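Here the structure comes first, spelled out in structure tokens, and everything after it is commentary.
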Amino acid sequence: MAQCLRINCSNICNWNSIRSFDICFTALVRLPSFTCSIGMKERLLGDSAFLAKVAIEVGMGMVTKIIAELEQREEKFLVELYLVIANVFMSLITDIMLLWIPAPRANLSTPALGVLEQQKQSPTLQPCYQFWATCPANAFQVSPIGEPFTMLKRLGSFFKNGALLLAVGFLSSVLGVVITNVLLLIRNMLNQNMGADATAQQVWGISIAHGIWMATSGNLRYQVVGGLLEDRCFNTIFARQQTISGALSFVTRTINTYFGSLWWVDFLRCLGLQET
354 MAQCLRINCS
364 NICNWNSIRS
374 FDICFTALVR
384 LPSFTCSIGM
394 KERLLGDSAF
404 LAKVAIEVGM
414 GMVTKIIAEL
424 EQREEKFLVE
434 LYLVIANVFM
444 SLITDIMLLW
454 IPAPRANLST
464 PALGVLEQQK
474 QSPTLQPCYQ
484 FWATCPANAF
494 QVSPIGEPFT
504 MLKRLGSFFK
514 NGALLLAVGF
524 LSSVLGVVIT
534 NVLLLIRNML
544 NQNMGADATA
554 QQVWGISIAH
564 GIWMATSGNL
574 RYQVVGGLLE
584 DRCFNTIFAR
594 QQTISGALSF
604 VTRTINTYFG
614 SLWWVDFLRC
624 LGLQET
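Using the numbering used here, read the sequence shown as starting at 354 and increasing by one per residue.
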């Protein structure tokens, strides 16, 4: 009964929408080992257009990031192509996680059981665990029926998602910078003259900066887009005009991705981690 109270009418409509194309996504939606581990079902129940938004982030993300890199680097675009490749690769990973982590979702879990188990193992950490487990996925998402989110829990959502995005940003950046340095090494080996003024990037400096960037700027921007604009505005005002809601979501996410790419390059240059 407690689980039923967490699902409102919009969740039921979303589930009906999911079942309409369930055959195409049987492996994605119905495999318990997959959906339980990453929460796909909860996100699809919270937003039936979630997969479309993932496609927007991946497709338009690549286009807008390449355009942003071209505008920022101008005539140095081809010379710094190895930086562009690494930034775009790293951005694809981070954009998906920035969409995934703060995405509004239906709560199908039973936090009381988890809290009870945690209390048996470590009673002193039980209040912290309970607060962490009951924070919303998105600070601006609509509260489920019977479980209103307090302002403190909504604020805690920023820190909860920020901690996750800090780790994701750091690890993805380590991978991206390593790829950059490998491409730079290959370029220097093939053409000594072109690589004369190019130096390897700082792995730890850029990785820490990227983690902080995702935990602050990316966290705030994607929570506002996913929770405040899409969940509360677009999906509410245009509840019966899904085409308009989808178009507004497409435009909003494209703008967000584009300016996020510009600000990321400027952020690195302000810290002296990339040449101006």
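Ideal Cβ placement from N, Cα and C applies to all residues, glycine included.
Note that this is a predicted model, so its numbers are computed, not measured.
When the beta-carbon positions are compared, Val407 and Leu452 come within less than 8 angstroms of each other. The beta carbon of Phe591 lies closer than 7 angstroms to those of Ile597, Ser598 in the same chain, with the five residues before and after it left out. The Cβ atoms of Val495 and Asp400 lie no closer than 8 angstroms to each other.
The DSSP-derived three-state label of Gly509 is helix. Exposed is the label assigned to Asn544, since fewer than 16 other Cβ atoms lie within 10 Å of its Cβ.
The alpha-carbon of Leu398 is positioned some 11 angstroms away from that of Ala456. In the DSSP assignment, Asn544 falls outside any alpha helix (DSSP H), carrying neither H nor E. Sequence-distant partners of Val618 (beyond 5 residues in either direction) whose C-beta falls short of 6 angstroms from its own C-beta, in its chain, are Gln425. Asn541 has its alpha-carbon roughly 43 angstroms from the corresponding atom of Gly579.
Between Ile565 and Leu615, the CB-CB gap reaches or exceeds 8 angstroms.
When only Cα atoms are considered, Thr503 and Leu404 end up about 29 angstroms apart. By the CB criterion at 8 angstroms, Asn514 and Asn609 fall outside the cutoff. Distance from the Cα of Arg606 is smallest, within the candidate group Gly529, Ile561, Asp448, for Asp448. Counting the other Cβ atoms within 10 Å of the Cβ of Ala568 gives 16 or more, which makes it buried.
The criterion of a C-beta distance shorter than 8 angstroms is satisfied by Met443 and Gly529. Taking all protein chains in view, the Cβ of Leu537 is crowded by 16 or more other Cβ atoms within 10 Å, so the residue is classified as buried.
Between the alpha carbons of Gln576 and Ser510 lies a gap of roughly 9 angstroms.
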